[in-house]
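Number of protein chains: 2
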Amino acid sequence: MASTLRGNLIIGQSGGATAVINASLAGAVEAALADGRIDGIYGMRYGIEGLLKEEIIDLRRQPAALWPRLRHTPSAALGSCRYKLQEHDSERALDILRRYNVRYLLYIGGNDSADTAHRLAQAAQRSGYELSTISVPKTIDNDLPFTDHCPGYGSAARFIALATMDSTMNTISIPWHYPVKVIETMGRDAGWLAVSSALGKRDENDAPHIILIPEQRFVADRFLAQVEAVYRRIGYVIVVAAETIRDEQGQPLGAAGQVGTDAFQHPLLSGTAEYLVDLVKKQLKLRARFDKPGDLQRMASNCVSATDRDEAYLVGRMGVHAVLDGESDKMVTLVRHNEPRYHCTTGLADLAQVANEQRLLPDEYLDASKTMVTQAFYDYALPLIGEPLPQHARLELTKVQP
Amino acid sequence: MASTLRGNLIIGQSGGATAVINASLAGAVEAALADGRIDGIYGMRYGIEGLLKEEIIDLRRQPAALWPRLRHTPSAALGSCRYKLQEHDSERALDILRRYNVRYLLYIGGNDSADTAHRLAQAAQRSGYELSTISVPKTIDNDLPFTDHCPGYGSAARFIALATMDSTMNTISIPWHYPVKVIETMGRDAGWLAVSSALGKRDENDAPHIILIPEQRFVADRFLAQVEAVYRRIGYVIVVAAETIRDEQGQPLGAAGQVGTDAFQHPLLSGTAEYLVDLVKKQLKLRARFDKPGDLQRMASNCVSATDRDEAYLVGRMGVHAVLDGESDKMVTLVRHNEPRYHCTTGLADLAQVANEQRLLPDEYLDASKTMVTQAFYDYALPLIGEPLPQHARLELTKVQP
Numbered sequence: 001m002a003s004t005l006r007g008n009l010i011i012g013q014s015g016g017a018t019a020v021i022n023a024s025l026a027g028a029v030e031a032a033l034a035d036g037r038i039d040g041i042y043g044m045r046y047g048i049e050g051l052l053k054e055e056i057i058d059l060r061r062q063p064a065a066l067w068p069r070l071r072h073t074p075s076a077a078l079g080s081c082r083y084k085l086q087e088h089d090s091e092r093a094l095d096i097l098r099r100y101n102v103r104y105l106l107y108i109g110g111n112d113s114a115d116t117a118h119r120l121a122q123a124a125q126r127s128g129y130e131l132s133t134i135s136v137p138k139t140i141d142n143d144l145p146f147t148d149h150c151p152g153y154g155s156a157a158r159f160i161a162l163a164t165m166d167s168t169m170n171t172i173s174i175p176w177h178y179p180v181k182v183i184e185t186m187g188r189d190a191g192w193l194a195v196s197s198a199l200g201k202r203d204e205n206d207a208p209h210i211i212l213i214p215e216q217r218f219v220a221d222r223f224l225a226q227v228e229a230v231y232r233r234i235g236y237v238i239v240v241a242a243e244t245i246r247d248e249q250g251q252p253l254g255a256a257g258q259v260g261t262d263a264f265q266h267p268l269l270s271g272t273a274e275y276l277v278d279l280v281k282k283q284l285k286l287r288a289r290f291d292k293p294g295d296l297q298r299m300a301s302n303c304v305s306a307t308d309r310d311e312a313y314l315v316g317r318m319g320v321h322a323v324l325d326g327e328s329d330k331m332v333t334l335v336r337h338n339e340p341r342y343h344c345t346t347g348l349a350d351l352a353q354v355a356n357e358q359r360l361l362p363d364e365y366l367d368a369s370k371t372m373v374t375q376a377f378y379d380y381a382l383p384l385i386g387e388p389l390p391q392h393a394r395l396e397l398t399k400v401q402p
Numbered sequence: 403m404a405s406t407l408r409g410n411l412i413i414g415q416s417g418g419a420t421a422v423i424n425a426s427l428a429g430a431v432e433a434a435l436a437d438g439r440i441d442g443i444y445g446m447r448y449g450i451e452g453l454l455k456e457e458i459i460d461l462r463r464q465p466a467a468l469w470p471r472l473r474h475t476p477s478a479a480l481g482s483c484r485y486k487l488q489e490h491d492s493e494r495a496l497d498i499l500r501r502y503n504v505r506y507l508l509y510i511g512g513n514d515s516a517d518t519a520h521r522l523a524q525a526a527q528r529s530g531y532e533l534s535t536i537s538v539p540k541t542i543d544n545d546l547p548f549t550d551h552c553p554g555y556g557s558a559a560r561f562i563a564l565a566t567m568d569s570t571m572n573t574i575s576i577p578w579h580y581p582v583k584v585i586e587t588m589g590r591d592a593g594w595l596a597v598s599s600a601l602g603k604r605d606e607n608d609a610p611h612i613i614l615i616p617e618q619r620f621v622a623d624r625f626l627a628q629v630e631a632v633y634r635r636i637g638y639v640i641v642v643a644a645e646t647i648r649d650e651q652g653q654p655l656g657a658a659g660q661v662g663t664d665a666f667q668h669p670l671l672s673g674t675a676e677y678l679v680d681l682v683k684k685q686l687k688l689r690a691r692f693d694k695p696g697d698l699q700r701m702a703s704n705c706v707s708a709t710d711r712d713e714a715y716l717v718g719r720m721g722v723h724a725v726l727d728g729e730s731d732k733m734v735t736l737v738r739h740n741e742p743r744y745h746c747t748t749g750l751a752d753l754a755q756v757a758n759e760q761r762l763l764p765d766e767y768l769d770a771s772k773t774m775v776t777q778a779f780y781d782y783a784l785p786l787i788g789e790p791l792p793q794h795a796r797l798e799l800t801k802v803q804p
């Protein structure tokens, strides 16, 4: 049922930024600019934290040329936050929304942001304030439920796949210099990003050789045996490890020396790659080092998947259509179609079911070793990362006789 | 004086690979294929180490389509090495070159590789074996003397500049989450790569805010005061640090726990970024983390400077012209011209003077703080990194009143 109420739209960005979250903002703003039913188009500066401080930006007062440029600019142009909404915050937020006559609210973010949007929607409903609240999905972790995949993931996956291919070229050029390399990826509790390192792998000897993901318990002996076996077979080993790997006791590797949690009680971690490098050096006496692209994997402006960017724009646009249709307390989802070729349409899922639920990597994407992916994963992920990955040229090693 | 001797050409790649060292190989091979005076075109598998083991590849037996593809493939397709030629090695190498009737030798590499080429040239001269030996410059560290710059540097510099811009976008989106970020670059004893992080900086508040290079002694109190001052001014701090930073006693930061040296007695280091992050956390109680792109900065296939690639191809080609002209014991150099616009021709420098000499970052490229570059550095480096860096779009922060 379409809303008959005229009012203002406010948009927020929340959680870890991605290379395409601004495409969702551009999609939403351009859809809003094109529709006469929306009066003001506002932006929360730094998400809900900014809203609570009335840091509200006028998005109609931007040069029109900005939006196509922002579609190609990484990170959250409005500013982001990682703030867990408290009970009294919802009431205060509603008061502010009322004063600014906001009737449509889009919140672009991941799991925690969906929780925020859900609390706002619930508070509005309780107090009888007519507010359409829609969450627009975004996360490189790809761990939101009910959507085929999450905008932001395809670009980060492309980055990790290409980084693994490229960085391995260095190891291959002189394998005995540092025979073991660990590449550390993000992903929080989900292995989606770590396993995307395999997307450029074409045969058993190609990197990566071992993928460590949060869904699988780490057993040091098994890991070291795997490293040694690959080393004996081909002379070098590329390991890709998610930032959070837990041992058999459930303790994160490399947690020693790290303290504290973020606002959502997620522990702050670092050090998985350092831990694995030290372990290999000490136990196998092999030289090892690590690459840790860090924030670059969520931000690389020259490694964006065009598919991902287009889909990010689409979910932003469809978020506006949803609020104008009077939908609320829902998240836009991506619905995959494989015929006649890969493309996505959108749907809606109830935020009550989305919020705080994580979709971990399903077992069917892991082979028996649990450290490598299956063909089913390639079928799932390759369409998301845009144009095909390059095939690096190699020499034919025909020896000369004197 | 042109050589009248017909014979075979052998090419080796040595030292740390780059994103464009294969362009030099392609340039050399394509020049050799086009010249009737060269019989066999051989490649050393893994540089001089492979030569000494007679691991010699036939480069005429490659599909013609390979060379244009290899021009765009990162890393050293022949394989590389980091091996310091011993006295008896030179004689053995000469015996092998004699048996394979090699009269032309190209060695693509950095300082240590120039040393190897010089020793081979000297040994050939002593024993009266007619051999033209030319070194072709390559190093992301940009520390070879007598050449305006080194092929490989422009692409790595572009990567670091863009990585700094992109990664900073994440910090800006939520500055208080991790207000201090350290990005660790390579560069061994030279700061060229670390200072290239400033190439996308347009004003004082843009990142990076502090650059730490090997040429300057690290003073912890001064560093912490700088971090605190930037933090107080804008709320976040981006530090770029070279992998090797020495304290006032000349000890590398983060050296603790690292042992050993490579074949050239260069110490093996890691941990500068971790050290700085820990220092900031402990002393300033600010949350900090680091990005360490590692091998990716020398390999990123999607961040190559077209200028760099073209110049790498050029020096490979000119290396073949030089050996055919009977030149020996020399390195190809890049000679810069700024009129009518930036371009390079090539020259030759005596290897005796090149070998083992490092060109560190000159003082004129550092401002009074010694942690930021001058305009002179932009004038020097911007032409090397190819097309202009992107300008990331930003919102106008016009606030809405209720």
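Residue numbers (our numbering), protein chains in the order written: chain L, 1 to 402; chain A, 403 to 804.
Yeah, the Cβ is synthetic: ideal placement off N, Cα and C, and Gly gets one too.
Quiz prompt | 8 angstroms CB neighbourhood of ALA495 (chain A) in its chain, flanking five on each side removed | solution = ILE450, LEU453, LEU454, LEU487, LEU522, ALA525
Quiz item: Looking at the structure shown, is PHE625 (chain A) part of a helix, part of a strand, or coil, going by DSSP?
Solution: helix
Self-check item: Continuous beta strand (DSSP E) stretch holding PHE692 (chain A): start and end
Solution: Where PHE692 (chain A) is concerned, the enclosing beta strand (DSSP E) stretches over 690-693.
Practice problem: Please compile the residues from chain A whose C-beta is within a distance smaller than 8 angstroms of the C-beta of GLY40 (chain L). | Solution: VAL802
Self-check item: Among L:ILE238, L:ASP143, L:LEU224, the one whose alpha carbon lies nearest that of LEU193 (chain L)
Solution: L:ASP143
Exercise. Establish whether the CB of SER416 (chain A) and some CB of chain L are separated by less than 7 angstroms.
Key: no
Quiz item: From the DSSP output, which residues share a beta bridge with MET446 (chain A)?
Solution: A:ILE458
Quiz item: chain L partners of ASP693 (chain A), CB-CB under 7 angstroms?
Solution: LYS292, PRO293, GLY294, ASP295, LEU296
Quiz prompt | Beta-carbon proximity list for ASP769 (chain A), same chain, < 6 angstroms, skipping 5 on both sides | solution = THR776
Practice problem: Can you tell me the Cβ-Cβ gap for ILE459 (chain A) and GLY718 (chain A), rounded? I've got them flagged as a contact below 8 angstroms. | Solution: ILE459 (chain A) to GLY718 (chain A), Cβ: 16 angstroms. No contact.
Self-check item: Nearest-angstrom beta carbon gap, VAL538 (chain A) and SER426 (chain A) [assumed within contact, 8 angstroms]
Solution: 5 angstroms
Self-check item: Cβ pair count under 8 angstroms reaching 3, the segment 596-603 of chain A against the segment 617-636 of chain A
Solution: no
Quiz item: According to DSSP, is VAL639 (chain A) helix, strand or coil?
Solution: When secondary structure is reduced to three states using DSSP, VAL639 (chain A) falls in the strand class.
Self-check item: Min CB distance PRO151 (chain L) to chain A below 7 angstroms
Solution: Judged by the 7 angstroms Cβ criterion, PRO151 (chain L) is not in contact with chain A.
Quiz prompt | Residues near GLU766 (chain A) by beta carbon distance below 6 angstroms, same chain, minus five either side | solution = ALA778
Quiz item: To the nearest whole angstrom, what separates the beta carbons of ILE647 (chain A) and LEU614 (chain A), a pair I think is in contact under 8 angstroms?
Solution: 5 angstroms
Quiz item: Any Cβ of chain A within less than 7 angstroms of the Cβ of ARG61 (chain L)?
Solution: yes
Quiz item: Is any beta-carbon of chain L found at less than 7 angstroms from that of THR475 (chain A)?
Solution: Residue contact check for THR475 (chain A) against chain L: a CB pair falls below 7 angstroms.
Quiz item: If you measure from the beta carbon of GLU387 (chain L) to each beta carbon in chain A, is any gap under 7 angstroms?
Solution: no
Quiz item: How about GLN660 (chain A): is its C-beta nearer than 7 angstroms to some C-beta of chain L?
Solution: Residue placement at GLN660 (chain A) is poorly supported in this model, since its pLDDT is 45, which falls under 50; the coordinates are not used for a value here.
Practice problem: Identify whether SER270 (chain L) lies in helix, strand or coil by the three-state DSSP scheme. | Solution: Only weak support is given to the placement of SER270 (chain L): the predicted model assigns it a pLDDT of 49, under 50, and the question is left unresolved by the model.
Exercise. From the DSSP output, read off the bridge partner residues of PHE561 (chain A).
Key: Answer by DSSP bridge pairing: none, since PHE561 (chain A) is not bridged.
Quiz prompt | Spatial distance of PRO390 (chain L) from ALA207 (chain L) (CA atoms) | solution = Put simply, the backbone Cα of PRO390 (chain L) is about 14 angstroms away from that of ALA207 (chain L).
Exercise. Please list, in chain order, all residues of the same chain as ASP517 (chain A) whose beta carbon is under 7 angstroms from its beta carbon, the five residues on each side excluded.
Key: Counting only Cβ-Cβ distances below 7 angstroms, and skipping sequence neighbours, we find ALA757, ASN758.
Exercise. Measuring only between beta-carbons, confirm whether ALA77 (chain L) sits less than 7 angstroms from chain A.
Key: yes
Quiz prompt | Per DSSP, the bridge partner or partners of PRO252 (chain L) | solution = L:ARG246
Quiz item: With DSSP run on the structure shown, which of helix, strand or coil describes ASP350 (chain L)?
Solution: strand
Quiz item: So with Cβ pairs under 7 angstroms, would you call GLU798 (chain A) a contact of chain L?
Solution: yes
Self-check item: For GLU316 (chain L), the first and last residue of its enclosing beta strand (DSSP E)
Solution: Residue 316 (chain L) is actually Gly in this sequence, not Glu. No beta strand (DSSP E) holds GLY316 (chain L); the alpha helix (DSSP H) holding it covers 306-324.
Self-check item: Short Cβ contact (7 angstroms threshold) for ALA322 (chain L) with ILE134 (chain L)
Solution: yes
Quiz item: When the cut-off is 7 angstroms and only beta carbons count, does HIS88 (chain L) lie next to chain A?
Solution: no
Quiz item: Shortest alpha-carbon distance to SER529 (chain A) belongs to which of A:HIS551, A:TRP578, A:ARG500?
Solution: A:ARG500
Quiz item: Can you name the start and end residues of the beta strand (DSSP E) that VAL20 (chain L) belongs to?
Solution: Here VAL20 (chain L) belongs to no beta strand (DSSP E), and DSSP marks it neither H nor E.
Quiz prompt | Reference GLU645 (chain A), options A:GLY637, A:GLN651, A:ASP693, closest by Cα | solution = For GLU645 (chain A), the nearest C-alpha among the options comes from A:ASP693.
Self-check item: C-alpha distance - VAL400 (chain L) paired with GLY414 (chain A), whole-angstrom precision
Solution: 14 angstroms
Quiz prompt | Alpha-carbon to alpha-carbon, ARG743 (chain A) and GLY788 (chain A) | solution = C-alpha separation (whole angstroms): 13 angstroms.
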